Amino acid sequence: MAKFVYAFSEGNKDMKDLLGGKGANLAEMTNIGLPVPPGFTITTQACNTYYDKDQQLWPELKEEIFSHLKALEEKTGKNYGGENPLLVSVRSGSKFSMPGMMDTVLNLGMNDATIPVLIKNSGNPRFVLDAYRRFIQMFGDVVKGVPKANFDAFFDKIKEEKGYEFDTQLSADDLEIIVQGFKAIYKEGVGSEFPQDPKVQLLESVEAVFSSWDNNRARIYRREHNISHKLGTGVNIQSMVFGNMGDDCGTGVAFTRDPATGEAKLFGEFLINAQGEDVVAGIRTPMQIEEMNRINDHLYPDFVHICDTLEHHYKDMQDIEFTIENGTLYILQTRTGKRTAHAALKIAIELVEAGFIDKKEALLRIEPEQLDQLLHPTFDKKALREAVVIAKGLNASPGAASGQIFFEANDAVKAAEEGLKPILVRKETSPEDLEGMIKAAGILTAKGGRTSHAAVVARGMGKCCVAGCEAINVDESKKQFTHKGKVYKEGDFISLDGSTGYVYEGVVGTTEATLDEDFETLMGWADEVARLKVRSNADTPQDAAQAIRFGAKGIGLTRTEHMFFQEHRISAVREMIVAQNVENRVKALDKILPYQQSDFVGIFEVMKGFPVTIRLLDPPLHEFLPQKDSEIMALAKELDLSFEDLKDRITALHEINPMLGHRGCRLAISYPEIAAMQTRAIILAAIEVIKKGIPVLPEIMVPLVGHKAELDYVEAIVRPIAKKLMEEHGVEVPYAFGTMIEVPRGAITAGDIAQTAEFFSFGTNDLTQMTYGFSRDDAAGFINEYLDKGIFTVDPFVSIDPIGVGLLMDMAAKQGRETRSDIHLGICGEHGGDPSSIKFCHSIGLDYVSCSPYRVPIARLAAAHAALEE
Ligand code: ADP
Ligand code: MG
Ligand code: MG
């Protein structure tokens with residue numbers, strides 16, 4: 000029979016799949032002798048079985064749970080629901096930590112019968128009633144779905160009536176009133192009395208944890224972080240310790256290093272006389288961790304020692320949750336701490352220097368996507384000096400954000416959909432706000448510390464966050480905040496500096512990010528191990544320069560048509576398109592030639608001999624033409640044509656299905672003079688730059704080839720022109736001639752095509768579109784349905800579909816190499832910047848990937864990961 004329940008002493012840290020991260024680490028800490036309250040874990044397999052069994056707990060599982068509960072009673076010398084009452088918590092925990100996603104219920108085992116016993120045993124009625132009201136609220140909210148706000152409102156009302164500022168001021172009598180009130184709220188919300196049977200409390204809580212695996216918040220989080228819906232969650236049942244028994248008690252959170260900067264300094268917060276998530280929820284502003292010694296002398300040194308032990312043991316920065324009960328410390332959780340990209344680099348490098356891990360491990364610890372945070376602009380120093388400061392909060396998660404303020408997560412989501420940049424402003428955030436936080440450009444909260452929900456989640460997402468900005472007064476219902484009498488309303492612009500905690504009025508100017516030494520060090524290590532080279536897609540000298548700064552080793556795609564849209568040029572381009580004969584078309588092309596040539600000169604000069612792949616004209620011609628009558632009229636005038644003639648020509652170019660229409664090499668075949676002009680521009684630019692003493696390596700790339708004969712036809716245009724120009728100028732230009740592989744027929748006849756092509760570049764946007772038959776301009780809507788319904792786990796336009804599209808790529812690469820052993824292979828589709836696609840490209844032996852400039856560092860690290868994970 001399968002084993003579904005493990006005592007903490009039976010597990011270890013490598014059992015995350017089965018026990019979840021929290022359970023595996025509780026087991027590990029138990030085994031290395033740390034003070035962990037005893038308990039047991041119900042496996043993730045049990046969770047999956049629960050879903051297989053139509054969401055019912057089955058008898059054998061219940062039996063197994065109760066036999067472990069019995070062992071726990073023996074161990075603690077207490078009784079669940081009995082004489083010397085054992086109280087437990089029920090905590091969820093899946094393989095990957097999902098902060099705030101799954102809900103914990105504390106203080107199970109309390110009921111009207113155990114309360115007097117607990118009061119007698121502890122001599123502390125205030126504490127017992129405080130724990131009971133928390134239990135009723137958590138059970139009501141988490142297990143039964145009674146809105147937390149209903150409880151909070153009653154709680155606040157009593158506090159206000161009594162004129163208290165803090166929850167710690169409530170007396171036992173006040174708490175008795177709150178317990179009774181909460182029971183009534185529970186009954187009203189659920190339709191039955193609060194359950195008195197501790198076994199019912201336990202089983203219903205276990206079920207709630209299992210169900211919470213599938214709630215909306217958890218699904219959104221998993222989707223955002225690419226975590227499989229199939230993992231399931233574990234459930235941890237643990238005997239309670241209490242941080243709310245008085246002033247020698249407390250609860251808190253600590254990181255073994257600063258999660259924002261990476262500085263090797265214990266970083267944490269705690270609250271005296273508090274329980275559970277009070278610190279994270281921002282109930283009171285917490286104290287710094289060092290102040291623990293106010294309770295007793297050995298507490299802080301003991302804690303530092305435990306933190307060191309855990310960091311040594313896990314060889315990484317840990318995020319630790321602890322509780323102090325009557326001066327004794329208990330550790331309730333440890334996990335790898337979430338950190339900003341900046342901190343991640345610093346910590347990884349310092350751990351290598353300390354000899355904890357090697358360079359490979361350091362590289363593998365950094366998620367390529369995380370680097371994205373480092374590459375974006377920061378506030379311009381000068382603009383900051385001139386900006387008007389509103390207030391200063393805690394620098395909870397670094398970054399610079401300017402945008403419009405919104406007070407409800409839903410409003411922020413809507414604003415983002417309308418293309419605005421929302422800044423979510425709240426008193427404090429909770430898991431319900433997750434989607435709004437994802438969509439927000441930045442987050443500002445009035446309450447809560449650096450370990451509050453807002454701060455933790457923002458750091459995990461690499462999003463700018465200023466937390467605990469107590470100087471502002473947020474009124475979510477009025478959709479405004481005030482500061483010193485001034486009102487800031489929904490839609491007003493503000494700027495947040497997550498690195499300093501300052502909040503500014505209006506939009507503050509930004510500058511390019513500067514990359515620090517840690518970044519260069521780590522990228523250097525990445526390049527040492529990567530086999531794939533990283534190039535960038537760039538259409539302008541500016542983009543090319545940015546790509547070089549980020550470490551690109553060439554340009555994998557220059558889209559010549561992007562240059563056509565610029566002012567002055569577009570009219571020559573239009574003239575070329577509407578030309579009715581070759582002579583007029585050539586005349587127009589002659590006007591475009593110098594523009595193209597000067598663009599290429601600029602790019603070649605920046606790239607200094609790195610390869611530059613230039614794609615010949617690709618899009619359907621109608622994209623360059625006006626569609627509105629008024630614009631057509633104006634163009635007709637400009638070109639000295641009649642409105643009707645021009646309109647006829649535009650109508651003639653109209654296609655039902657332009658993506659499968661007259662585009663790519665098909666244009667060069669109909670209008671060879673276009674390819675001829677582009678070849679001239681490329682070769683003349685190369686000659687010009689070579690003459691300046693700068694090496695050049697152009698690669699002329701023909702798009703959309705499905706048949707070798709198409710490529711041959713274009714080659715017969717390109718090569719003679721190139722040869723003639725080189726002879727005329729007496730300059731040898733080293734260049735390559737090749738093709739994109741983006742039409743399925745091209746992929747399956749790649750062996751033929753390689754007879755002509757010296758290189759292939761996989762155009763995976765089109766290849767995915769044509770392999771699936773999904774129009775990529777129309778697919779976004781229904782692919783979302785596919786994702787929601789679990790038909791796809793990832794969008795094939797984001798990550799290469801390794802089975803279908805990938806098979807074509809693999810086949811083409813093999814055939815290409817068979818025909819031409821030194822054929823050069825790369826990818827220039829959007830996938831070239833996606834880490835999992837990069838891994839795939841590595842696996843089929845491509846030579847390089849090409850992506851947008853800002854993804855170059857991500858691709859370099861992903862290429863290193865691909866090599867290391869091989
Ligand atoms: P999360 O994953 O959201 O941190 P946890 O399961 O860790 O949720 O529970 C939240 C908090 O509840 C813990 O940090 C701790 O303060 C408190 N808690 C959980 N179990 C116990 C327990 N057995 N005794 C005392 N406090 C507990
Ligand atoms: Mg927590
Ligand atoms: Mg926790």
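Residue numbers (numbering that gives the first Met the number 0): 0 to 869. For glycine and all other residues, C-beta sits at the position ideal for the given N, C-alpha and C. In this text the structure is predicted, and so the values were computed from the model without any measurement.
Query	Result
DSSP beta-bridge partners of N235	T40 and R90
Assigned exposure category for P593 - 16 Cβ within 10 Å defines buried	exposed
One or two residues paired with R534 in a DSSP bridge	S849
Span of the alpha helix (DSSP H) around E643	F642 to L652
7 Å Cβ cutoff met for I184 and F209	no
Proximity winner among L860, Y853 and F95, relative to H841 (alpha-carbon distances)	L860
Proximity winner among G249, D246, D247 and G267, relative to R256 (alpha-carbon distances)	G267
Ranges of the alpha helix (DSSP H) found wholly within the region 387-437, counting only runs of at least 4	408-416
Where G825 falls, given that 16 or more other Cβ within 10 Å makes a residue buried	buried
Terminal residues of the alpha helix (DSSP H) in which T818 lies	V804 to T818
heavy atom of ligand 1 below 6 Å from S88 C-beta	yes
heavy atom of ligand 1 below 6 Å from V240 C-beta	yes
F761 - partner residues in DSSP beta bridges	I740 and I826
Assumed close pair H452, A280 - CB separation to whole angstroms, cut-off 8 Å	7 Å
Cβ distance (whole Å) where P697 is taken to contact G601 below 8 Å	The Cβ separation is near 13 Å, so there is no contact.
Buried or exposed (CB count within 10 angstroms, at least 16 for buried), Y241	This sequence places Phe at residue 241; Tyr is not what is there. So F241 ends up on the buried side.
Assigned secondary structure, C248 (DSSP; H/G/I helix, E/B strand, else coil)	coil
Proximal residues to Y313 (C-beta, below 8 Å), its chain only, five neighbours per side dropped	K12, T333 and T335
V568 vs D538 beta-carbon contact at 7 Å	Going by the sequence as given, residue 568 is Arg instead of Val. Going by C-beta atoms, R568 is not nearer than 7 Å to D538.
CA nearest to the CA of E637, picked from F564, T520, V577 and E560	V577
Proximity below 7 Å, CB of V465 to CB of G398	no
Three-state class that DSSP yields for T308 in the structure shown	helix
Residues whose Cβ lies closer than 6 Å to any heavy atom of ligand 3, in chain order	E320 and Q332
Rounded C-alpha distance that separates G435 from L786	20 Å
Inter-stretch contact at 8 Å, needing at least 3 Cβ pairs: the region 415-429 / the region 440-448	yes
Cβ-based burial, R384 [other Cβ within 10 Å; buried from 16]	exposed
Residue from L298, D247, G608 and Y501 with nearest C-alpha to C468	Y501
Check: G508 C-beta below 6 Å from any heavy atom of ligand 1	no
E276 Cβ short of 6 Å to ligand 1 heavy atom set	yes
Pick from E643, R614, R648 and L666 that is closest to L624, judged by C-alpha positions	R648
Cβ-based neighbour list, L363, same chain, cut-off 7 Å, excluding 5 preceding and 5 following	H864 and L867
Exposed unless 16 or more other CB atoms sit within 10 angstroms - verdict on G144	exposed
Contact belief for A340 with G180 at Cβ below 8 Å, rounded distance in angstroms	Wrong, their Cβ atoms sit about 46 Å apart, outside the cutoff.
Contact test: P194 Cβ vs ligand 1 heavy atom, cutoff 6 Å	no
3-residue-minimum beta strand (DSSP E) runs that sit fully inside the region 526-606, ordered along the chain	532-536 and 554-558
Inter-stretch contact at 8 Å, needing at least 3 Cβ pairs: the region 243-259 / the region 291-305	yes
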